[in-house]
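Please read the structure below before turning to the comments.
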Amino acid sequence: MRNTIVVTGGAGFIGSNFILQRMQEKTAPIINLDKLTYAGNLRNLGSVAEDRGYEFVRGDIAERALVRRVLETRLPGAIVHFAAESHVDRSIRGPEDFIRTNVDGTFVLLEEVRAYWSSLSADEQKRFRFLHVSTDEVYGSLGPDDPPFCETTPYAPNSPYAASKAASDHLVRAYHHTYGLPTLTTNCSNNYGRFQFPEKLIPLMILNARDGKSLPVYGDGKNVRDWLHVEDHCDAISKVLQGGRPGEVYNIGGWNEKRNLEIVETVCELVDEMAPRLPRPRHDLITFVKDRPGHDRRYAMDARKIERELGWKPKETFETGIRKTVRWYLENDEWVRGVTSGSYRQWIETHYSS
Ligand code: NAD
Ligand code: TYD
Numbered sequence: 003m004r005n006t007i008v009v010t011g012g013a014g015f016i017g018s019n020f021i022l023q024r025m026q027e028k029t030a031p032i033i034n035l036d037k038l039t040y041a042g043n044l045r046n047l048g049s050v051a052e053d054r055g056y057e058f059v060r061g062d063i064a065e066r067a068l069v070r071r072v073l074e075t076r077l078p079g080a081i082v083h084f085a086a087e088s089h090v091d092r093s094i095r096g097p098e099d100f101i102r103t104n105v106d107g108t109f110v111l112l113e114e115v116r117a118y119w120s121s122l123s124a125d126e127q128k129r130f131r132f133l134h135v136s137t138d139e140v141y142g143s144l145g146p147d148d149p150p151f152c153e154t155t156p157y158a159p160n161s162p163y164a165a166s167k168a169a170s171d172h173l174v175r176a177y178h179h180t181y182g183l184p185t186l187t188t189n190c191s192n193n194y195g196r197f198q199f200p201e202k203l204i205p206l207m208i209l210n211a212r213d214g215k216s217l218p219v220y221g222d223g224k225n226v227r228d229w230l231h232v233e234d235h236c237d238a239i240s241k242v243l244q245g246g247r248p249g250e251v252y253n254i255g256g257w258n259e260k261r262n263l264e265i266v267e268t269v270c271e272l273v274d275e276m277a278p279r280l281p282r283p284r285h286d287l288i289t290f291v292k293d294r295p296g297h298d299r300r301y302a303m304d305a306r307k308i309e310r311e312l313g314w315k316p317k318e319t320f321e322t323g324i325r326k327t328v329r330w331y332l333e334n335d336e337w338v339r340g341v342t343s344g345s346y347r348q349w350i351e352t353h354y355s356s
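My numbering runs 2 ahead of the 1-based position in the sequence shown.
Structural data, given as structure tokens:
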């Protein structure tokens with residue numbers, strides 16, 4: 003066994019930020035196993051593509067033979083599992099891909115990892131880690147005065163996406179409990195930052211605001227999410243990988259609850275400041291549209307366990323993080339044009355026309 007890390011879904015939003023952060027630290031070679039769905043983008047990793055210590059393998063985590071070949075030939079010491087279908091609205095329109103990747107794919111990955119791990123020496127088995135990246139959405143929806151989700155909050159997933167992630171979390175838990183696989187699970191709140199596919203709230207609003215297009219806010223805009231800068235999330239994952247206790251769950255969040263409308267208003271102000279002015283303030287582009295079916299009202303994370311046990315705390319404030327993020331999208335038009343073609347345009351047309 004080597005100290006190589008196999009990262010699944012490393013061409014996506016969080017996975018590519020994680021790989022770039024780890025490559026800077028040069029602590030372990032990385033194999034990026036990604037299917038390259040619409041959400042996977044190798045351009046994110048252009049700066050490390052030629053580095054020794056980084057390798058890209060195109061493939062599906064649900065394909066047993068391929069996963070086995072990667073494990074048996076690269077002999078990793080850890081898996082960091084990001085690969086997933088990740089967009090709630092897409093899961094409402096078509097849940098099947100979510101079951102296939104998030105449930106079946108995680109199952110295949112666990113089975114192959116278990117076989118590989120069983121073949122290791124006792125000492126290697128002890129050092130091996132399987133880190134499963136999950137979400138706060140598995141816990142369901144909070145009322146306005148409820149305390150934030152903690153690691154022992156009962157699961158109550160409400161969307162097909164959340165249900166598929168909850169199923170994968172349960173499988174990971176069972177593989178630790180039953181087989182002793184040294185797993186770690188992280189459940190994180192909403193991320194924002196560079197490389198996020200612009201179907202998600204913040205990048206969608208930045209680009210629509212830049213272009214003077216309408217800003218579609220679901221329902222009354224008072225749904226609350228807890229926002230964390232993606233680099234803080236990646237840093238937390240590294241801390242859990244390094245020092246987390248096998249079998250444990252760590253909740254990660256930004257202590258930064260905001261209503262969606264507040265987020266969109268902040269984006270409008272920043273785009274007004276940084277992009278060429280429009281005849282009217284961008285705020286006027288806000289349009290309330292039909293609510294998402296089953297829309298969870300509020301998410302909030304209690305991240306005291308990871309702070310207490312591993313000394314992790316977010317470094318970026320929302321004010322500095324959102325400013326950097328708006329600037330990044332405005333300055334990286336080539337990246338934006340690369341991802342907003344074909345399938346992206348089709349999604350926007352189908353989803354927002356109805
Ligand atoms: P993303 O949609 O941007 O990226 C997903 C990546 O997985 C893409 O590169 C895609 O090509 C790849 N992929 C999809 N199906 C695959 C398959 N069958 N085999 C191999 N690769 C496949 O997602 P993201 O926002 O970067 O999220 C990464 C992980 O973090 C997910 O597991 C998600 O549930 C979790 N998470 C995300 C957030 C968030 O705010 N974005 C918050 C908490 C947790
Ligand atoms: P999203 O970025 O899809 O993340 P999630 O559903 O995983 O929290 O959405 C964040 C919030 O923004 C969510 O409450 C739904 C809302 N939203 C809108 O109001 N309009 C939009 O066009 C989108 C994409 C999301």
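Backbone N, C-alpha and C fix where the C-beta goes; we use that ideal spot for every residue, glycine too.
Looking at the secondary structure, which residues open and close the alpha helix (DSSP H) in which residue i lies?
i: Ile-204; result: 203 to 212
i: Asp-171; result: 162 to 181
i: Trp-337; result: 335 to 341
i: Ile-101; result: Ile-101 -> no alpha helix (DSSP H), and no H or E assigned at all.
i: Phe-109; result: 108 to 120
i: Phe-132; result: Premise fails: Phe-132 lies in the beta strand (DSSP E), 131 to 137, not in any alpha helix (DSSP H).
i: Ser-353; result: Note on identity: in this sequence residue 353 is His, with Ser being the wrong assignment. Residues 344 to 355.
i: Lys-1; result: Because the chain spans 3 through 356 in this model, residue 1 falls outside it and cannot be assessed.
i: Cys-270; result: 262 to 276
Throw me the rounded Cβ distance for the residue i and residue j pair, which I believe falls under 8 Å.
i: Tyr-163; j: Glu-139; result: 7 Å
i: Ile-254; j: Thr-188; result: 6 Å
i: Thr-10; j: Ile-63; result: 5 Å
i: Ile-288; j: Val-226; result: With a Cβ gap of about 17 Å, Ile-288 and Val-226 do not count as contacting.
i: Asp-99; j: Glu-87; result: 5 Å
i: His-353; j: Ile-16; result: His-353 to Ile-16, Cβ: 22 Å. No contact.
i: Ile-204; j: Phe-20; result: Not quite, the Cβ-Cβ distance comes to about 19 Å (not below 8 Å), so this is no contact.
i: Leu-122; j: Leu-243; result: Contact flag wrong, Cβ pair sits at about 17 Å.
i: Gly-340; j: Arg-45; result: 6 Å
i: Gly-61; j: Leu-22; result: Actually they are not in contact, since the Cβ atoms of Gly-61 and Leu-22 sit about 21 Å apart, beyond 8 Å.
Below 6 Å, is the gap between the Cβ of residue i and the nearest heavy atom of the ligand NAD?
i: Leu-38; result: yes
i: Phe-132; result: no
i: Phe-84; result: yes
i: Asp-228; result: no
i: Ile-239; result: no
i: Lys-165; result: The amino acid at residue 165 is misidentified as Lys; the sequence shows Ala. Because no heavy atom of the ligand NAD lies under 6 Å away, the Cβ of Ala-165 does not count as near it: no.
i: Gly-48; result: no
i: Val-269; result: no
i: Ala-13; result: yes
i: Ile-16; result: yes
i: Thr-103; result: yes
i: Gly-42; result: yes
i: Gly-107; result: yes
i: Val-59; result: no
i: Thr-137; result: yes
Within 10 Å of its beta-carbon, does residue i have 16 or more other beta-carbons around it, so buried, or fewer, so exposed?
i: Glu-336; result: exposed
i: Gly-313; result: exposed
i: Ala-85; result: buried
i: Pro-78; result: buried
i: Ser-18; result: buried
i: His-231; result: buried
i: Lys-167; result: buried
i: Arg-131; result: buried
i: Thr-185; result: buried
i: Val-269; result: buried
i: Thr-137; result: buried
i: Asn-5; result: exposed
i: Val-266; result: buried
i: Tyr-194; result: buried
i: Asp-171; result: buried
i: Ser-275; result: In the sequence as displayed, the identity of residue 275 is Glu instead of Ser. Answer is exposed; the Cβ neighbour count stays below 16.
i: Phe-151; result: buried
i: Ala-13; result: buried
i: His-83; result: buried
i: Tyr-118; result: buried
Return the first residue and the last residue of the beta strand (DSSP E) that residue i is part of.
i: Trp-229; result: 226 to 231
i: Val-291; result: 288 to 291
i: Ile-94; result: Element bounds for Ile-94: not the beta strand (DSSP E) but the alpha helix (DSSP H), 90 to 95.
i: Val-9; result: 7 to 10
i: Arg-60; result: 56 to 60
i: Leu-217; result: 217 to 220
i: Ala-67; result: Unbroken run through Ala-67 is the alpha helix (DSSP H), 66 to 76; no beta strand (DSSP E).
Between residue i and the ligand TYD, is there a pair consisting of the residue's CB and a ligand heavy atom that are separated by less than 6 Å?
i: Lys-202; result: yes
i: Pro-218; result: yes
i: Val-90; result: yes
i: Asn-253; result: no
i: Asn-225; result: yes
i: Asn-210; result: no
i: Asn-262; result: yes
i: Asn-192; result: yes
Is the closest heavy atom of the ligand PLP to the C-beta of residue i under 6 Å?
i: Asp-62; result: Of the ligands this structure carries, namely the ligand NAD and the ligand TYD, none is the ligand PLP.
Against chain D, with Cβ distances strictly below 7 Å, would residue i count as a contact?
i: Ser-120; result: Reference to chain D is not applicable here, since this structure consists of a single protein chain.
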